[in-house]
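Accompanying notes for the structure given below.
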Amino acid sequence: QSVLTQPPSASGTPGQRVTISCSGSTSNIGSNDVYWYQQLPTTAPKLLIYSNNQRPSGVPDRFSGSRSGTSASLAISGLRSEDEADYYCASWDDSLSGLYVFGTGTKVTVL
Amino acid sequence: QVQLQESGPRLVKPSQTLSLTCEVYGASIDSYFCTWIRQPPGKGLEWIGNIHYSGRTIYNPSLKRRITMSVESSGNHFSLKMTSMTAADTALYYCATDVGGSGHLRDWGQGTLVTVSS
Numbered sequence: 209q210s211v212l213t214q215p216p217s218a219s220g221t222p223g224q225r226v227t228i229s230c231s232g233s234t235s236n237i238g239s240n241d242v243y244w245y246q247q248l249p250t251t252a253p254k255l256l257i258y259s260n261n262q263r264p265s266g267v268p269d270r271f272s273g274s275r276s277g278t279s280a281s282l283a284i285s286g287l288r289s290e291d292e293a294d295y296y297c298a299s300w301d302d303s304l305s306g307l308y309v310f311g312t313g314t315k316v317t318v319l
Numbered sequence: 020q021v022q023l024q025e026s027g028p029r030l031v032k033p034s035q036t037l038s039l040t041c042e043v044y045g046a047s048i049d050s051y052f053c054t055w056i057r058q059p060p061g062k063g064l065e066w067i068g069n070i071h072y073s074g075r076t077i078y079n080p081s082l083k084r085r086i087t088m089s090v091e092s093s094g095n096h097f098s099l100k101m102t103s104m105t106a107a108d109t110a111l112y113y114c115a116t117d118v119g120g121s122g123h124l125r126d127w128g129q130g131t132l133v134t135v136s137s
């Protein structure tokens with residue numbers, strides 16, 4: 209059972225902005241960096257955001273991340289059909305002797 | 020560009036030990052931490068643990084008693100062993116490079132599906 213909670217689903221029409229939340233606690237998001245991964249159907253996850261709001265080379269600037277307190281968010285602006293995928297947040301959790309936790313995952317559907 | 024390839028048995032019997040290898044191409048493994056992640060069919064991601072080239076490891080506490088990670092100095096790869104396999108361990112197993120051990124999982128293998136069944 210994950211300690212990072214995400215909404216199971218989110219949707220939008222092409223061009224819209226979609227936001228995904230990731231709720232944690234002081235032992236994870238509240239004190240550690242947040243990462244976001246995109247998993248397209250039948251493929252391995254791909255790093256989308258690191259260190260809360262940094263994009264790896266090649267990730268479009270339509271994707272942005274933020275962190276505030278014990279929560280984080282991923283925003284997708286100008287939604288495109290190819291953004292239909294599962295999205296996971298992740299962070300280290302200090303409550304145990306070293307544990308990297310993934311969020312519950314959010315399925316984004318482009319209507 | 021760094022590429023990773025997982026390999027190992029696709030079918031494991033209950034109570035047996037799983038052995039997986041993560042081959043790294045395009046870079047020397049002495050630059051990396053290697054992280055293992057798994058994903059049961061239709062479910063989310065679970066972090067198994069990571070290992071540095073030096074051999075230093077961090078394991079998921081819930082799996083710690085059953086797993087061993089190692090670096091194979093004779094080749095450019097990392098290994099994972101998981102004992103006492105059960106049906107609950109059926110999953111896609113991924114390896115990924117972890118930049119500085121920070122949780123920045125930059126490069127991922129395509130994953131290998133392991134089914135536990137008699």
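Note that the protein sequences, when read in sequence, are chains A and B.
Going by this note's numbering, the first residue of the first sequence is number 209, and it counts up by one from there.
Going by this note's numbering, the first residue of the second sequence is number 20, and it counts up by one from there.
Don't be surprised by glycine CBs; every beta carbon is placed ideally from N, CA and C.
Note down, in chain order, every chain D residue with its Cβ under 7 Å from the Cβ of residue i.
i	result
A:Y308	In the structure shown, chain D does not exist; the protein chains are A and B.
Hey, how far is the Cα of residue i from the Cα of residue j?
i	j	result
B:T116	A:V318	31 Å
B:T54	B:Q20	18 Å
B:G122	B:G27	25 Å
B:N95	B:V43	6 Å
A:D241	A:R263	13 Å
A:S235	B:S137	40 Å
B:T131	A:S303	31 Å
B:E91	A:T221	49 Å
A:V226	A:Y243	18 Å
B:D108	A:V267	33 Å
A:Y245	A:Y296	5 Å
B:S73	B:I48	10 Å
A:D269	B:W127	22 Å
A:S305	B:I70	15 Å
A:P249	B:C41	22 Å
B:Q58	B:Y112	7 Å
A:I257	B:K83	28 Å
A:E290	B:S93	41 Å
B:T89	B:Q129	In the sequence as displayed, the identity of residue 89 of chain B is Ser instead of Thr. The straight-line gap from Cα to Cα measures roughly 20 Å.
A:T251	A:S265	19 Å
Taking C-beta to C-beta, are residue i and residue j nearer than 8 Å?
i	j	result
B:I56	B:E65	yes
A:T312	A:Q214	yes
B:G45	A:S210	no
A:I237	A:A280	yes
B:S98	B:S38	yes
A:L255	A:C230	no
A:N260	A:S272	no
Below 7 Å CB to CB, which residues in the same chain sit around residue i once its five sequence neighbours on both sides are set aside?
i	result
A:E292	V316, T317 and V318
A:Y308	A298 and W300
A:G223	G286 and L287
B:S103	S34 and R85
B:T105	P33 and V135
B:T87	K100
A:G277	G238
Going by beta carbon distance, what residues of the same chain come within less than 6 Å of residue i, once the five residues before and after it are set aside?
i	result
B:L30	T134
B:R125	T116 and V118
B:Y51	T116
A:S219	T317 and L319
Using the rule of at least 16 other Cβ atoms within 10 Å of the residue's Cβ for burial, across every protein chain shown, is residue i buried or exposed?
i	result
B:R75	exposed
A:R275	buried
B:Q22	exposed
B:A110	buried
A:P253	buried
B:H25	The displayed chain sequence assigns Glu, not His, to residue 25 of chain B. Answer is buried; the Cβ neighbour count reaches 16.
A:S217	exposed
A:T314	buried
A:D294	buried
A:G232	buried
B:G68	buried
Next on the checklist: Please give me, in chain order, every unbroken run of the beta strand (DSSP E) with length at least 3 that falls completely inside the segment 283-316 of chain A.
Outcome noted: Fully enclosed beta strand (DSSP E) runs of 3 or longer: 293-301 and 307-310.
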